[in-house]
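According to our numbering, the sequence shown is numbered sequentially starting from 2.
The beta carbon of each residue, even a glycine, is placed where N, CA and C say it ideally should be.
Below is one structure; the comments refer to it alone.
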Amino acid sequence: MIADDQSELGRIFADPAAYADPVSWHRTAARLRREAPIARVSLPEYQDFWAITRHADIMEIERNAEVFTNAPVPALLSRVQYEEQDPDELAPVKTLVQMDGEDHKAHRGIVNDWFKPASVRKLSDRVDLLATQWVDQMAATGGACDFATDIAMHYPLQVILSILGLPEEDHQRMLQLTQELFGAEDPDFGRVGDDAGVLAVMLDFVSYFTELSASRRSHPTDDLASVIANARLDGSLLPDLDVMGFYLIIATAGHDTTANSIAGGLLALLEHPEQLERLQADPALIDNAADELIRYVSPVKHFVRTCRVPFRVGEVEFVPGDVTLLSFASGNRDEEVFEEAFALDVARANASAHLAFGFGRHFCLGAHLARMEVRALFRELLGRLEWIELDGTPTFVQSTLVSGPKSVPVRFGIR
Ligand code: HEM
Numbered sequence: 002m003i004a005d006d007q008s009e010l011g012r013i014f015a016d017p018a019a020y021a022d023p024v025s026w027h028r029t030a031a032r033l034r035r036e037a038p039i040a041r042v043s044l045p046e047y048q049d050f051w052a053i054t055r056h057a058d059i060m061e062i063e064r065n066a067e068v069f070t071n072a073p074v075p076a077l078l079s080r081v082q083y084e085e086q087d088p089d090e091l092a093p094v095k096t097l098v099q100m101d102g103e104d105h106k107a108h109r110g111i112v113n114d115w116f117k118p119a120s121v122r123k124l125s126d127r128v129d130l131l132a133t134q135w136v137d138q139m140a141a142t143g144g145a146c147d148f149a150t151d152i153a154m155h156y157p158l159q160v161i162l163s164i165l166g167l168p169e170e171d172h173q174r175m176l177q178l179t180q181e182l183f184g185a186e187d188p189d190f191g192r193v194g195d196d197a198g199v200l201a202v203m204l205d206f207v208s209y210f211t212e213l214s215a216s217r218r219s220h221p222t223d224d225l226a227s228v229i230a231n232a233r234l235d236g237s238l239l240p241d242l243d244v245m246g247f248y249l250i251i252a253t254a255g256h257d258t259t260a261n262s263i264a265g266g267l268l269a270l271l272e273h274p275e276q277l278e279r280l281q282a283d284p285a286l287i288d289n290a291a292d293e294l295i296r297y298v299s300p301v302k303h304f305v306r307t308c309r310v311p312f313r314v315g316e317v318e319f320v321p322g323d324v325t326l327l328s329f330a331s332g333n334r335d336e337e338v339f340e341e342a343f344a345l346d347v348a349r350a351n352a353s354a355h356l357a358f359g360f361g362r363h364f365c366l367g368a369h370l371a372r373m374e375v376r377a378l379f380r381e382l383l384g385r386l387e388w389i390e391l392d393g394t395p396t397f398v399q400s401t402l403v404s405g406p407k408s409v410p411v412r413f414g415i416r
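Next up, the structure:
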């Protein structure tokens, strides 16, 4: 394959609109995996990068976190942003995904215990209750709804509000904040090109969370917001910006990722009705099916790593400054790892080998919680659904970072 072709095909990783057409996106990614698995992409509008499309190569780069760092910026930039980049300005609030080495280890250590399986299991009653309430809500629509916007978008946010210990009245405000910050590339959600708008959202976030941390410092409770507000590194409380970074990543990272897995998961089941039937007939498969649905949807499309010292992966010798784009969505359809990778198979034996939660030191902190949420919702929903079908054409979010269905109109009968 000639270099120009690689660049043109590689546009699918940089152009938000490309992700809104998943069939065509995956066709191009599959071709790159076969013909140019580590492709050099140079486009006028975006920073130059190497697209890493195979499962094994993504793991190799993540495994060598001293060689390939998250700094200066862990996601793809436009050429203008890249050329003018000042990391402090691009990321005034630092979160775990912007950190490396000891700094990352120390910060992750503050909340790690909270997200371990034993702690997450304590949340299962609350998660089950919320799943029941949202399926009740679906039933209350009278037999037709947009599953993405009416159900899937709200339930994970309510789980997050619960773990942070925030009141239900703040639901709407948080929904708007996370959608506007994370969906900023999508014209329906974000304030594209409106820097003042994005700044206003950030300021709203900052004032909300400043109040939260002050209240948890004066009156600690047993929620995650208190753990963060009262955490100490080297004997001192965290600086305000670090506290903000934590709240920001917990509030955003677990929201539309999980929502997209649920809406995209239902859509995948509607497109594979025999798998839906199989799950309804054998609910014990739901635990495994959650991973298969998350693999299939892969809501986090990419993260970026920057090479620090010369290092060979496959046939490419990377040099310092090279930017590698880890395409989790592509790695999860890698035919060398997943047999019939394009098929949905709720009983797939190696479903959990997917890279939708990343790999290595930055492996998704919320993975156990996310699996629990997906399982709880589908257990409740599939146990009560009598029939369901699409009631319109689904549409997809335009975003290079987190994307999935924006709209999944359905008609159904439910108990
Ligand atoms: C199905 C839903 C989810 C998906 C697909 C997902 C995916 C990811 C991915 C791909 C990463 C980066 C991993 C890497 O760089 O190797 C990540 C990191 C992270 N996720 Fe998730 N996530 C999900 C749900 C959640 C939830 C529910 C939470 C918490 C409430 C959460 C919190 C985080 C945090 C804090 C990080 C940063 C970890 C670090 O840099 O050390 N995620 N997630």
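Interface flag, residue i vs chain B, CB-CB below 9 Å
i: F247; result: In summary, chain B is missing from the structure at hand, where a single protein chain is found.
Reference residue i, options the options, closest by Cα
i: E293; options: R376, L158, A21 and G322; result: R376
i: F312; options: Q7, N231, R64 and D49; result: R64
i: A291; options: V403, R362 and V347; result: V347
i: N261; options: F304, A149, G322 and I287; result: A149
i: Q399; options: T222, D257 and L178; result: D257
i: L44; options: A4, A31, M60 and E36; result: A4
i: A354; options: H27, A18 and I59; result: I59
i: V128; options: R217, Q276, T259 and T307; result: T259
i: L391; options: S408, S404 and R385; result: S408
i: V298; options: E36, L356, G322 and G384; result: L356
i: E84; options: R109, I62, E103 and Y47; result: Y47
i: D6; options: P23, H27, D235 and E36; result: E36
i: V202; options: P284, E181, T222 and P221; result: E181
i: T136; options: G384, P395, T394 and S404; result: First, the amino acid is wrong: residue 136 is Val here, not Thr. Considering only alpha carbons, the answer is G384.
i: R218; options: D283, A269, P240 and F339; result: P240
Per-residue DSSP class, three states only, for residue i
i: I13; result: helix
i: I3; result: coil
i: E46; result: coil
i: F360; result: coil
i: S400; result: coil
i: T222; result: coil
i: E340; result: coil
i: R192; result: Low per-residue confidence applies at R192: pLDDT is 49, beneath 50, and the placement is therefore not dependable, though the value from the model is reported in the following sentence. It is coil, neither helix nor strand.
i: G384; result: helix
i: V202; result: helix
i: A1; result: This structure leaves residue 1 out entirely; the chain is present only between 2 and 416.
i: G414; result: strand
i: R41; result: strand
i: T394; result: coil
i: L238; result: strand
i: P406; result: strand
i: R55; result: coil
Distance CB(residue i)-CB(residue j) smaller than 9 Å
i: T401; j: D16; result: yes
i: V112; j: P75; result: no
i: I295; j: F379; result: no
i: H369; j: V160; result: no
i: D49; j: R55; result: no
i: L176; j: P168; result: no
i: G367; j: I389; result: no
i: T133; j: E381; result: yes
i: C308; j: F116; result: no
i: L10; j: M373; result: no
i: A254; j: F206; result: no
i: E336; j: R34; result: yes
i: A140; j: R412; result: no
i: H108; j: N71; result: no
Whole-angstrom C-beta distance between residue j and residue i, which should lie under 8 Å
i: F397; j: P410; result: Not really, about 13 Å apart at Cβ, beyond 8 Å.
i: F304; j: G359; result: 7 Å
i: A30; j: I13; result: 7 Å
i: F210; j: M154; result: That pair is no contact at about 21 Å.
i: S214; j: A230; result: 4 Å
i: W51; j: V324; result: 7 Å
i: E321; j: V310; result: At residue 321 the sequence reads Pro, which differs from the Glu that was named. The Cβ separation is near 6 Å, so the contact holds.
i: L277; j: I287; result: Contact flag wrong, Cβ pair sits at about 12 Å.
i: L242; j: L165; result: At roughly 18 Å, the Cβ-Cβ gap does not stay under 8 Å, so L242 and L165 are not in contact.
Residue i CB to nearest heavy atom of ligand 2 below 8 Å
i: C365; result: Among the ligands in the structure shown, ligand 2 does not appear; only ligand 1 can be found there.
Report the residue ranges of all beta strand (DSSP E) runs contained in full by the stretch 93–148; include only those spanning at least 3 residues, in chain order. 145–147
Ignoring anything shorter than 3 residues, give me the beta strand (DSSP E) runs that lie fully in the stretch 286–333, in order along the chain. 303–308, 312–314, 317–319 and 324–328
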